[in-house]
Every structure is written in structure tokens, then in C-alpha cells.
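Last residue of the sequence shown: number 400 in the working numbering, and the count goes up by one each step with no gaps. Cβ atoms here follow ideal geometry from the backbone N, Cα and C, with glycine treated the same way. Since the structure is predicted, the reported quantities are computational estimates derived from the model, not experimental observations.
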Amino acid sequence: MNLTIKDGEDIKELQESIIVLTEEEKAGVGFIISQLPPLDMQSIDDDLLLLIQLTGQQLPKRLVEALLRFRRKPNPYGVLLFRNLPTDSMLPPTPMDGRFSAAKNSFYSEYCLLLFMLYLGDPISYEDEKEGLLIQNICPVQGHENRQENTSSNFLNFHTEDGFHPYPPDYLTLIGLRPDHKKVAKTLTTSIRTALHHLPSTCISLLRQPLYRLRPSSSFKINKEGDYSVQMPILSGHFLEPDICIHFKSMEAETVDARWALDTLKNALIKNIVAFNILPGDMLIMDNRMVAHARMPFAPNFDGCDRWLQRLFTIVDFRRSSFSRGQRKHICSPLTVEYTKQVK
Ligand SMILES: [Fe+2]
Numbered sequence: 057m058n059l060t061i062k063d064g065e066d067i068k069e070l071q072e073s074i075i076v077l078t079e080e081e082k083a084g085v086g087f088i089i090s091q092l093p094p095l096d097m098q099s100i101d102d103d104l105l106l107l108i109q110l111t112g113q114q115l116p117k118r119l120v121e122a123l124l125r126f127r128r129k130p131n132p133y134g135v136l137l138f139r140n141l142p143t144d145s146m147l148p149p150t151p152m153d154g155r156f157s158a159a160k161n162s163f164y165s166e167y168c169l170l171l172f173m174l175y176l177g178d179p180i181s182y183e184d185e186k187e188g189l190l191i192q193n194i195c196p197v198q199g200h201e202n203r204q205e206n207t208s209s210n211f212l213n214f215h216t217e218d219g220f221h222p223y224p225p226d227y228l229t230l231i232g233l234r235p236d237h238k239k240v241a242k243t244l245t246t247s248i249r250t251a252l253h254h255l256p257s258t259c260i261s262l263l264r265q266p267l268y269r270l271r272p273s274s275s276f277k278i279n280k281e282g283d284y285s286v287q288m289p290i291l292s293g294h295f296l297e298p299d300i301c302i303h304f305k306s307m308e309a310e311t312v313d314a315r316w317a318l319d320t321l322k323n324a325l326i327k328n329i330v331a332f333n334i335l336p337g338d339m340l341i342m343d344n345r346m347v348a349h350a351r352m353p354f355a356p357n358f359d360g361c362d363r364w365l366q367r368l369f370t371i372v373d374f375r376r377s378s379f380s381r382g383q384r385k386h387i388c389s390p391l392t393v394e395y396t397k398q399v400k
């Protein structure tokens, strides 16, 4: 693949969407977090989310305005970056298994995610991915180097998140806790809004038909035989500002013409890539309905000092997923159950 990559910092139209907190704003966010209770990462319930959401109304006005504007009318790149957020003063070793870290006993990164992201919908997670945790650790895991999922360290190819799921996230957020050793593991994004005008109408027309099959990610632990792939269009919604669902590795076209359209789209997407290095204190928000993301390769040492991000998904129409969740819960049922459910 011949990628054309620009740093987000170098794109003029993105400058208003890269928000570096002033020292006063940083102290303000830090003070808000210091008033909140310790988090039990394995049970973040609705009452706590309500408390966080109410507390989030005290966030500095400039930050809230950026979030609300992004929700209402995202920039064509579909990303919003906050920098200079308050960070945890002490971090335990990066979890070697990429799972929950019981050793992390301060919660600045988690509260930054929740305080900001509750402006962009309700948190959602999936029982068969990352133990159903609402806030998930993203770290390299030994033996997973070549996987096309969040525990890998070789090139992670472009995808929109969990497009095979009936309730994929609308927003996906990554916050930096610890960088990779050489600071080369950049997050790459590419938006359908910047690629669309490079596509002929014949291609767009094919991409809007259900001619594509998408397999679930290996990050979902599916312990059952069966084909859980889904047939779908790649583009949907508004003709000029469509939504996109794509996976460069796990999606296949069902006809020769559909494959041509998919290849044409991929070529347009990789000519308009924006790179972000998510360092400690940085939080990158992506609109998962218009942006595919990827990650550059890096070399982990598996020494407890490797790259560590945290991730949170939110969904705008939370009620639509209620059939899949317990009352007041935010975790969707396993994918195998989703695919066999019968509404009576
Ligand atoms: Fe992803």
C-alpha cells in the first residue's frame, strides 16, 4: 500500500480541532477529577455515570463548546484532539496481557475519558470483547504481534470499529498513558468526507449496495462454531456526507464490480491519511461513522514500560441497543447470542 500521510498538526483546517488545554484549564479539569470517588473499573454503573455527567458540566466552557460543536457538525476529518490533559502522577507497569490493571489506583485518564465522552453519547461495551469493560486498556501483548486487533504491534490496518456488530460505537476515543519506546506508533485516520470527491459515481453507487461481507474481529472471543459475518453496504445515509463501514482486512466484496469499487475506495482513503501521536495527556476522539483508523508498527519490549492507551466507546442512540443489555447496564450480549435472537 502506498500511503500518503500528513501529520494532523500540519493540516490548516484541523487547527481548531486540536485543542491544547491552557494551564488554567488543565488545573480546572484536575480539580474536578480530584473531587470524584475512586473508580471500580469492573462496575461503573448508571448512578456513577450520572454523577460524572453532572460534574462534567463544570468543565471549562471552551472544551465543552468544542465537544458540542463536534457532535453537531464534525470537521471533514472526523477527529477532535485534546492535549495537555491532567495525567496520573504514578502509573503501574503497562498490563502485559492487555487486560484490566488492578494496580492502577488513580483515575485521571479514566475520568478524562468519561467526563468528556459523556457529551458524545452513552458508554457501551461488548461482553465478548475486553471482558466487557467500559474503559479498556490498549497495550501490546506478546504473541499477538501480527494480529489485526488492538493487542498487536505490527501495522494494524484501516477499519471502522466493530462494524460487524448490530450496535457499533458512534464515537471511539483513545487517551495516552504511556508512549511506545520510540514514539513511532502513530494512530492514522482517514475520513470518507475527504475521500468521497475522488470517487466516480459508479463506484459510490456500488458501495451503497449490500455487496460486502464483513467478518467479526479476532478481539471478539467467539466460542461457538458458525459464520458470524454480515452482508452490508460500505456507504449509507446522506449522499454527500455518507457514513462508512469498512475493514481493509476482514471485508470482502461479493462480485467483481463490487471488488473494483472497494479497491477504488481504499485507494482514495489511503491518499488522505492524517497521523496523530497519542502521547500522555492526549485524547483523540474519532467519529466512527465517518472515519477509519489504523496504527503504525512499533517494537514492544514487553518490560512493563510499553505503550499504554485506554479506549472508550459511546453510542448516540443508546436505547436502540436495550434488547442486548441488562437493565441499566452498558454491556451488550455476546455476538453469538445477538445473531440468534428471536423477538417474540
Ligand atoms: Fe480499532
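Within the DSSP bridge table, the entry for Asn193 names Gln366 as partners. Runs of the beta strand (DSSP E) lying entirely within the stretch 62 to 94, each at least 3 residues long, are 74 to 76 in chain order. Contact check for Leu176 against Tyr227 passes: the beta carbons are separated by less than 9 Å. Contact between the stretch 164 to 178 and the stretch 325 to 334 is not established, with fewer than three Cβ pairs separated by less than 8 Å. Taking 8 Å as the upper bound for CB-CB distance, Leu365 and Leu233 are in contact here, some 6 Å apart. Distance from Thr245 to Val347 at the Cβ level is roughly 5 Å; contact confirmed, criterion being Cβ atoms closer than 8 Å. Annotated three-state conformation of Gly154 is coil, per DSSP. The distance from the Cβ of Asp184 to that of Lys277 is about 5 Å, consistent with a contact at the 8 Å cut-off.
Contact check between the stretch 268 to 288 and the stretch 190 to 208: three or more CB pairs, one atom from each, fall below 8 Å, which counts as touching. With a contact defined as Cβ atoms closer than 8 Å, Tyr268 and Ile300 miss out at about 11 Å.
Counting C-beta atoms within 10 angstroms of its own C-beta, Leu137 has 16 or more neighbours from the protein chains shown and is therefore classed as buried.
About 37 Å separates the beta carbons of Arg367 and Thr258, which is beyond the 8 Å limit, so they are not a contact pair.
In the DSSP assignment, Asp103 falls within the alpha helix (DSSP H) that extends over Asp102 to Thr111. The Cβ atoms of Ala241 and Arg125 lie no closer than 9 Å to each other. Per DSSP, Glu166 is one residue of the alpha helix (DSSP H) stretching across Tyr164 to Met173.
In this structure Ser181 touches Leu190 by the C-beta definition: roughly 5 Å separates them, less than 8 Å. About 23 Å separates the beta carbons of Phe156 and Gln109, which is beyond the 8 Å limit, so they are not a contact pair. Proximity of the beta carbon of His215 to ligand 1 is indicated: a heavy atom of the ligand is located closer than 8 Å. Contact annotation, Asn193 with Glu201: C-beta distance approximately 17 Å; criterion of less than 8 Å not satisfied.
Distances from the CA of Pro93 to each of Glu80, Leu107 and Lys82 were compared; the closest alpha carbon is that of Leu107. Scanning its chain for C-beta atoms nearer than 6 Å, with the 5 sequence neighbours on each side dropped, one finds around Phe354 the residues Ser209, Asp236, Val240 and Ala241, in chain order. Inclusion of Met288 and Gly219 in the CB contact set at 9 Å is warranted, their separation being smaller than that value. Inclusion of Thr243 and Tyr133 in the CB contact set at 9 Å is not warranted, their separation being larger than that value.
For Gly232, the pairing in a beta bridge is given by DSSP as Pro336 and Leu365.
With a contact defined as Cβ atoms closer than 8 Å, Ile302 and Thr216 qualify at about 6 Å. Here Ala350 carries a strand assignment [DSSP, helix/strand/coil]. Looking from the CA of Leu262, the closest CA among Ser389, His221, Ala309 and Lys238 belongs to Ala309. Counting every other CB atom within 10 Å of its CB across the protein chains shown gives His253 a total below 16, marking it as exposed. Ranked by Cα distance from Ala314, the first of Tyr395, Leu212 and Arg264 is Arg264. Counting only runs that start and end inside the stretch 222 to 300, the beta strand (DSSP E) elements of at least 3 residues fall at 227 to 234, 243 to 247, 268 to 270 and 286 to 288.
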